[in-house]
Amino acid sequence: MTTTRIVEVRAGILKKNDELARGLRGRFERDGVLTVNLVSSPGSGKTAFLERTLSELVGAGVKAAALVGDLETDNDAQRLARSGAPVRQINTHGRCHLEAEMLGSYLDAWDLAALDYLFIENVGNLVCPASYDLGEALRVAMLSVTEGEDKPLKYPTMFNSADVAIITKMDLAEACEFDREAAHAAIRSVRPGMTILEVSTKRGTGMETWHTLLRERRAEWAPRVAGGEASAR
Amino acid sequence: MHELSLAQGIVELAVEAAQKAKADRVVRVHLKVGRLAGVDPGALLFCYDESTAGTILAGSSLVIIDVPLVVWCAHCLKEVELASVQRFHCPTCDTPCGEIRTGRELEIASLEVAA
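If you read the protein sequences in the order shown, they are chains U and F. Counting from 1, one number per residue, gives the positions in the first sequence under the working numbering. Counting from 1001, one number per residue, gives the positions in the second sequence under the working numbering.
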């Protein structure tokens, strides 16, 4: 009979991604670029919202760039490029999420220190991207009024992992009989105290609040930039 | 469905740990999975056999250890276990509790190895 023995391991299976993400976070902090990871289900309006965000930032003279993840096409990158901001497409070829490892080569093409904001539009999926840290300073989970108010309850891991929730397509709220209170309650049930914004990309409502939030987050994050090295685990 | 990536991550980590322990073969992997880890154990088990084939983990079994969702209640001043991942409220006093103590784990606790 074969004798067996126990070997203690105690290591996370996402260790490799976590280490790479920590490296990226350090790089973003050194270069002073606030990185935002946008996550949502397909069709909730990430690209339209990001296109408007980039256009408005570029228009105001703010330096912003975007990396956009998609399974096969570069349609989203083409749309985002209309804003005038530098945009790179990452095709995951069937992978349902972005991983820290996928970002490096794209980032090398940019002078990150010349940027104020970097947006990463994740693959439309409310499950898998939750587990993969990309080194972002801010994770934003988006939910459109057409999706149902209970979506956060169906995908608690994702909404819990996010810092900010944005409810999109508010211009359709009435037509969809969107229950605002129920949606806010569902978000706060899985993430107590979460900041919730409501926007209509089409009409531009709520965009000013979003820009204010970005400015505030960058201001409170900026002093840490001077520290240089990313903090150890 | 990122369970295949996760299964490959388990194999990579386990092979490394087994080699370090000078083991020839892994018989069993004990994996801690938090309730909020966002992993489907069924899908992970399904991907496991495929990912271990041809490695020193071939034929081994994956034992999943469920880790409960435990948060800190700032009102009761103690850790409390939540029955649902959909409601982050203290079961005793109903205060919203967002400070997670356990429940996100996705880690290999130990390996059972031969030789």
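Idealized CB from N, CA, C, for every residue including glycine. Predicted model, so just to flag it, every value in this text is computed and none were measured.
Helix, strand or coil at residue i [DSSP, three-state]
i: C128/U; result: helix
i: M142/U; result: strand
i: H211/U; result: helix
i: S161/U; result: helix
i: T1102/F; result: strand
i: A232/U; result: Any reading at A232/U needs caution, since the residue's pLDDT is 31, under 50, leaving its predicted position unreliable; the model's value is listed next. Coil.
i: G32/U; result: coil
i: A1057/F; result: It should be noted that the sequence gives Leu, not Ala, for residue 1057/F. Coil, per DSSP.
i: R95/U; result: coil
i: S1005/F; result: helix
i: F119/U; result: strand
Candidates the options: closest to residue i by CA position
i: R188/U; options: E208/U, N91/U, E99/U, P152/U; result: P152/U
i: V1027/F; options: D179/U, I6/U, M170/U; result: I6/U
i: F159/U; options: M170/U, R95/U, N125/U, L115/U; result: N125/U
i: A1043/F; options: L172/U, D171/U, C128/U, A100/U; result: C128/U
i: A244/U; options: R82/U, N37/U, E147/U, E101/U; result: Outside the shown range of chain U (1 to 233) lies residue 244/U, about which nothing can therefore be said.
i: A173/U; options: S144/U, K154/U, T157/U, P192/U; result: S144/U
i: A11/U; options: T1052/F, K1020/F, E1012/F, A1109/F; result: A1109/F
i: E1105/F; options: M207/U, I13/U, T4/U; result: I13/U
i: E258/U; options: A1017/F, A1023/F, E1003/F, L1006/F; result: The displayed coordinates of chain U run from 1 to 233. Any statement about residue 258/U would go beyond what the structure contains.
Through-space distance from residue j to residue i, alpha-carbon basis
i: H184/U; j: G1103/F; result: 24 Å
i: D133/U; j: R1025/F; result: 32 Å
i: L1069/F; j: D1094/F; result: 16 Å
i: G228/U; j: E149/U; result: Because G228/U carries a pLDDT of 37, less than 50, the predicted location of this residue cannot be relied on, and the following value inherits that uncertainty. Taking the straight line from one Cα to the other gives about 42 Å.
i: L213/U; j: E51/U; result: 17 Å
i: W110/U; j: L1045/F; result: 41 Å
i: E1099/F; j: E1081/F; result: 12 Å
i: C1047/F; j: G1054/F; result: 14 Å
i: L71/U; j: T195/U; result: 30 Å
i: P1091/F; j: A182/U; result: 21 Å
i: G84/U; j: L57/U; result: 10 Å
i: L107/U; j: I90/U; result: 11 Å
i: S200/U; j: S1061/F; result: 50 Å
i: L118/U; j: T2/U; result: 55 Å
Under 8 Å between C-beta atoms of residue i and residue j
i: I120/U; j: T53/U; result: no
i: E1039/F; j: I1010/F; result: The sequence given here has Val at residue 1039/F, not Glu. No; because the gap between Cβ atoms is not below 8 Å, this pair is not in contact.
i: A100/U; j: L38/U; result: no
i: L24/U; j: L103/U; result: yes
i: V62/U; j: A77/U; result: no
i: A162/U; j: R180/U; result: no
i: I1064/F; j: V1033/F; result: yes
i: G206/U; j: L197/U; result: yes
Residue span of the alpha helix (DSSP H) that contains residue i, given as start and end
i: F238/U; result: An answer regarding residue 238/U cannot be provided, because it is not within the stretch 1 to 233 covered by chain U.
i: D76/U; result: 75 to 81
Run of the beta strand (DSSP E) containing residue i, from where it starts to where it stops
i: K1032/F; result: 1025 to 1034
Contact test: residue i Cβ vs the ligand PLP heavy atom, cutoff 7 Å
i: L80/U; result: Although the ligand PLP was asked about, the structure shown includes no ligands whatsoever.
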